[in-house]
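Undergrad: Dumping the structure here so I can ask a few things about it.
Number of protein chains: 2
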Amino acid sequence: MTLPAHQAQHVTPPHALIDRLGQRLGPAGLLTQEADIAPFAIDWRRLFPGRPACVVRPASTAEVADVVRLCREAGAALVPQGGNTGLAGGAVPDGSGSQVVLSLARMAAIRGVDPVGLTLTAEAGCVLKVAQDAAEAAGRLLPVSFAAEGSALVGGVVATNAGGINVVRYGMTRGLVLGLEVVLADGSVVDGLRALRKDNAGYDWKQLFIGTEGTLGIVTAAVLRLVARPRHSATALLAVPDPAAALRLFTLAQEEIGDSIQAFELISGTSLGLVEKHAGLKSPVGQAGWTVLIEAASSLSGLREAMEGVLGTALEREDALDGVLAESGRQAADLWALREHVTECEAREGKSVKHDVSVPITAIPDFLDEAGRVLAAGAPGTRVNAFGHMGDGNIHYNVLIGPDHASEAINALVHGVVDRYGGSISAEHGIGQYRVAELARHRHPDEMALARRIKAALDPEGLLNPGKVLARG
Amino acid sequence: MTLPAHQAQHVTPPHALIDRLGQRLGPAGLLTQEADIAPFAIDWRRLFPGRPACVVRPASTAEVADVVRLCREAGAALVPQGGNTGLAGGAVPDGSGSQVVLSLARMAAIRGVDPVGLTLTAEAGCVLKVAQDAAEAAGRLLPVSFAAEGSALVGGVVATNAGGINVVRYGMTRGLVLGLEVVLADGSVVDGLRALRKDNAGYDWKQLFIGTEGTLGIVTAAVLRLVARPRHSATALLAVPDPAAALRLFTLAQEEIGDSIQAFELISGTSLGLVEKHAGLKSPVGQAGWTVLIEAASSLSGLREAMEGVLGTALEREDALDGVLAESGRQAADLWALREHVTECEAREGKSVKHDVSVPITAIPDFLDEAGRVLAAGAPGTRVNAFGHMGDGNIHYNVLIGPDHASEAINALVHGVVDRYGGSISAEHGIGQYRVAELARHRHPDEMALARRIKAALDPEGLLNPGKVLARG
């Protein structure tokens, strides 16, 4: 296989490597044409453009292993890519033209669903929604869910430790991974696809590949935990006077409904204003300072009664000014639409600087207060569009800016407040290439040194997704 | 500080080290007298006797760090010890007389309880029960619970990734650890005591210290996740014809009660026979082939009704032959007593070979059947005492033996069946020194190589709990 002349000039790795990859993978497994590789070269938000040497699309774990070995022999770096739905540029190559993008999309099989043992085994290229549907067809629930679930692939979900809407109940993806199959930097395959709920036999090495964004190895398949589908759900929207009241409401809901709560979302008045302006959707509880969306689900009767109790008590205590409880699935979807349109309406409003931060749940009111004051003083003219998963301590603290505002300065202001509350500068989106320098500034040097030691042990030549999460050695 | 003459002879590390440790820690921080160190030299079951050079009892993280540095300079190995309640000999020294036991017991403070943010921060030496009580005093639940909770220390609970009775609902300890403070092999302290439910900023390095039994670093403090206390509970005991019926009952309970189930225990007829014989406790549902204990808890009304529904349906389908639902906390405790007395009554019956195995939940009936046949053929005269956490796939498959039976041969028979079902030879008890050789036989060499690579990266001199989990390099 040879390259067209117009491409050859910006391909750094030897043609010999591309020839060998083509021989091993066949025509369906190798893309070299500009038009074919373009979708893999940039993230979906088009913020992180790169230039791959080529794109490989192996169809089996053995092919992935051979790709890793061939690239290693050639000294070429590999960038694993799933559905390319990440928000931190973790799955796209740099601009050197020398990195090989490894798409897992052709490894899309669901290897098995066990509705009795409550597990699902899928290859890395399986679309999350397809896996969710397979669980549902078996009468079970795969409880990881987020906006990009129709495009995100299981391997990427694992490699980024995806969060989403149900973390308050089911935790991050890490807690749902029972087994992994991984290809290491030397091309060896480690098969830990055990469908066990409990396994304390030796080091739980799979933890190293969850949330490390393909920098330590390539996830090729996973065993995920399923749960029983709750029969009933209850969704409520409440207008609250301020975040402190929302926090009291969180405690009340925990006490009355417990871990049947599967979402506890906080939405600012600014956010709802944007949704009304750009999507024409109006909150049924009015334009409050803040709004809380609670969803709970259980197979026990008494769920709706408990949610009504929460509403009644919150209104009585004046922690809620108004509230509605959805009477149907349709109404629940309408309430969710308010929350789900925030990001899109923010984009229609103009430019913004996004922050995906977390702080201890108890600190959320003080954090919001202090961050607001810091921005008002340090970046006058900006507007805060804050919303997010309050039940996890995760606030998407986005700042609408004008042409004169510098996003890095705003990052520094917001993340400085996050530091003061012992928070995280990336609650769920990961680091990718976007926040590499910031991570190094915000985490203690001892933590960064430990991370580098792990990287050096597992990828001594630095060929797996170099420059992501950690700066190049 | 000098040693009495009768001890000096079996202390290999230089007196200079012990002198320096004494200077740094003071008299309360160093034990050298035979009588003082004896309780630290052997595990509570008295199966793994060792001989420490001395016992250090640091009172702060800084003291732990200095102990690690001093020992490293002297080339002395350290054996971290919590409550010394482990079942695999992971916390006791070898017989060389050269290892320093590092007891965390003096670092016992609870640094904080946050009932709103649902976290508790405790030092490694805090007794688990004390932490549970602190959570309860704040109206919350620390959901890790097991027989030794009155002696086990938080550091050991984390370092062994303890399981216990509520894993089916709340998972292993790993899922409850939000933050850790750790002393590394070079004496540096890494502080990751963040009280965050969600944190995807960089490598989640704390995972390396959970369940690795002190071989990669020393846990000095932890932030643990709390949950709301469920208001209602329901406990039922059912006689079932066989494990296949128990499995159908598990699915029924999942569908009707969902993740409000917090224990689903399977107890063999042999187990109940031992409890009747040695403790005089009789099952209210008769001497069935197998018995299932289900406990569920929720703040929602409808829990008892759902449990009654499960009983009714199971009886109707003949998956249960008889069943009772506890009418009071006292009755629930009586039902639990049947389960809790199994281990003690097994010991009174005579010698046994214990197995702490897990298999995919769906495979439990076939596993029990096959293991029974393999033992009948390969070790005639043995009796199987099987019981355990069926909802986690975890069976304590203990084998009562006579004087002529060899425990290693019985291990090999049982673990061979475990392998055929894709199971684990240690579901919750860990590897310690007890199963080091077996682990190496049952896990794939690629997995063992990966574990060794991690060990070499974090403890290159092999001074942290050498010979535990992994054989000495």
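Taken in sequence, the protein lines are chains A and B.
The numbers in the working numbering rise by one with no breaks, and the one at position 377 of the first sequence is 377.
If you want the working numbering, it's the position in the second sequence, counting the first as 1, plus 473.
In this text, a Cβ means the ideal position worked out from N, Cα and C, and glycines have one as well.
Predicted model, so just to flag it, every value in this text is computed and none were measured.
1. Considering only the beta carbon of each residue, do B/G495 and A/R194 sit closer than 9 Å?
2. For the segment 224-240 of chain A, which residues have a beta carbon sitting closer than 7 Å to at least one beta carbon of chain B?
3. State yes or no: is the beta carbon of B/W763 nearer than 9 Å to at least one beta carbon in chain A?
4. Distance check for B/D829 and B/V899, CA to CA, integer angstroms please.
5. Give, in chain order, every residue of the segment 252-271 of chain A whose Cβ lies closer than 8 Å to some Cβ of chain B.
6. Provide the residue span of the beta strand (DSSP E) that contains A/L450, from first to last.
7. Report all residues from its chain with a CB closer than 7 Å to the CB of B/G590; omit the five preceding and five following residues, and keep chain order.
8. From A/A147, A/I210 and A/G150, pick the residue whose C-alpha is nearest to that of A/G175; which is it?
9. In the DSSP assignment, what residue or residues form a beta bridge with B/R613?
10. In the DSSP assignment, find the beta strand (DSSP E) that holds A/N394 and state where it starts and stops.
11. Hey, quick one: how far does the alpha helix (DSSP H) through B/S744 stretch, first residue to last?
12. Spell out whether any CB of chain A is found under 9 Å from the CB atom of B/S774.
13. Quick check on the DSSP output: what are the complete alpha helix (DSSP H) runs of length 4 or more inside the segment 350-377 of chain A, in order along the chain?
14. Verify whether the separation of the beta carbon atoms of A/L293 and A/F250 is less than 9 Å.
15. Taking 8 Å as the cut-off, does the segment 528-540 of chain B touch the segment 497-515 of chain B (at least 3 CB pairs, one atom from each stretch)?
16. For chain A, find out if any of its Cβ atoms is closer than 9 Å to the Cβ of B/L943; answer yes or no.
17. Which residue's Cα is closest to the Cα of B/K443: B/F619, B/G628 and B/E817?
18. Give every residue of the same chain whose Cβ lies closer than 6 Å to the Cβ of B/V552, excluding the five residues on either side of it in the sequence, and list them in chain order.
19. Tell me B/L560's beta-bridge partners as DSSP assigns them.
20. Tell me whether A/A383 sits in a helix, a strand or coil according to DSSP, three-state version.
21. Give the single residue among A/E213, A/G302, A/T215 and A/L274 whose Cα lies nearest to the Cα of A/E256.
22. Compute the distance between the beta-carbons of A/G97 and A/R51, then report whether it is under 9 Å.
23. Spell out the partners DSSP gives A/V79 in its beta bridges.
24. Quick check on the burial criterion: 16 or more other C-beta atoms within 10 angstroms. Buried or exposed for A/E327?
25. Kindly give me the distance between the Cβ atoms of A/S299 and A/H405, rounded to whole angstroms, as I take these residues to be in contact under 8 Å.
26. Taking only heavy atoms of the ligand NAD into account, decide whether any of them is closer than 8 Å to the Cβ of A/R174.
27. Any Cβ of chain B within less than 9 Å of the Cβ of A/T212?
28. Count the C-beta pairs between the segment 162-174 of chain A and the segment 134-144 of chain A that are closer than 8 Å, then say yes if the count reaches three, no if not.
29. How about B/T534: is its C-beta nearer than 9 Å to some C-beta of chain A?
30. Please state if the CB of B/L794 and the CB of B/A820 are separated by a distance shorter than 9 Å.
31. Nearest-angstrom Cα distance between B/P744 and A/R452?
32. Grab me the residues of B/K755's own chain with a C-beta within less than 8 Å of its C-beta, minus the 5 sequence neighbours each way, in chain order.
33. Could you have a look at B/Q480 and say whether DSSP puts it in helix, strand or coil?
34. Going along the chain, which residues of its own chain have a beta-carbon closer than 8 Å to the beta-carbon of A/G286, five neighbours each way excluded?
35. Looking only at its own chain, which residues have a Cβ that is under 7 Å from the Cβ of B/Q482, when we skip the five neighbours before and after it?
36. Just to confirm, is the Cβ distance from A/T119 to A/A221 under 9 Å?
TA: With the given structure in hand:
1. No; because the gap between Cβ atoms is not below 9 Å, this pair is not in contact.
2. Listed by position, the residues of the segment 224-240 of chain A near chain B (Cβ gap below 7 Å) are V227, A228 and P230.
3. Not closer than 9 Å to any Cβ of chain A, the Cβ of B/W763 fails to qualify, so no.
4. The question names Val, but residue 899 of chain B is Ser in the sequence shown. Straight-line spacing of the CA atoms in B/S899 and B/D829 works out to 5 Å.
5. Hits within the stretch, in order: Q254, E255, E256, I257, G258, D259 and S260.
6. First-last for A/L450: P445 to L458, but that is the alpha helix (DSSP H), not the beta strand (DSSP E).
7. These residues qualify, in order along the chain: A668.
8. When only C-alpha atoms are compared, the closest one is A/I210.
9. B/R613 is bridged by DSSP to B/A701.
10. Counted as a single uninterrupted DSSP element, the beta strand (DSSP E) harbouring A/N394 occupies residues N394 to L400.
11. B/S744 -> alpha helix (DSSP H) spans G742 to A752.
12. Interface residue, yes.
13. Correct list: empty.
14. At a Cβ-Cβ threshold of 9 Å, A/L293 and A/F250 do not count as neighbours.
15. With contact defined as three or more Cβ pairs closer than 8 Å, the segment 497-515 of chain B and the segment 528-540 of chain B are in contact.
16. For B/L943, the nearest CB of chain A lies under 9 Å from its own CB, placing it at the interface with that chain.
17. Nothing can be reported for residue 443 of chain B: it is not among the residues displayed for chain B, which extend from 474 to 946.
18. If we look at B/V552 and ignore the five residues flanking it on each side, its Cβ neighbours are P566, Q572, V574 and N938.
19. B/L560 is not bridged by DSSP to any residue.
20. Sequence inspection shows Arg at residue 383 of chain A; the Ala mentioned does not correspond to that position. Look at A/R383 here: in three-state DSSP terms it is strand.
21. Closest by alpha carbon: A/G302.
22. In terms of Cβ geometry, A/G97 and A/R51 form a close pair [threshold 9 Å].
23. For A/V79, which the question treats as bridged, DSSP gives the partners A/V101.
24. A/E327 sits exposed, since fewer than 16 C-beta atoms from the chains shown fall within 10 Å of its C-beta.
25. Going by Cβ atoms, the distance from A/S299 to A/H405 rounds to 49 Å, so no, they are not a contact pair.
26. Among the components modelled here there is no ligand, and therefore nothing to report on the ligand NAD.
27. Yes, its Cβ sits closer than 9 Å to a Cβ of chain B.
28. Yes: the two stretches touch, three or more of their Cβ pairs being nearer than 8 Å.
29. It does not: the Cβ of B/T534 has no partner Cβ on chain A nearer than 9 Å.
30. It is not a contact, given that the beta carbons lie outside the stated cut-off.
31. The question names Pro, yet the displayed sequence has Ser at residue 744 of chain B. So the two alpha carbons sit approximately 50 Å from each other.
32. Take B/K755, set aside five residues on each side of it, and the residues of its chain with a beta-carbon closer than 8 Å to its own are E749, in chain order.
33. In this prediction, B/Q480 scores a pLDDT of 40, lower than 50, which makes its location untrustworthy; the coordinate-derived value is nonetheless stated afterwards. Assigned with DSSP and collapsed to three states, B/Q480 falls in helix.
34. Closer than 8 Å at the Cβ level, and outside the excluded window around A/G286, lie A239, L321 and D322.
35. Since pLDDT at B/Q482 reaches only 41, below the 50 mark, its modelled position is unreliable, and no value is offered.
36. 9 Å or more divides the Cβ of A/T119 from the Cβ of A/A221.
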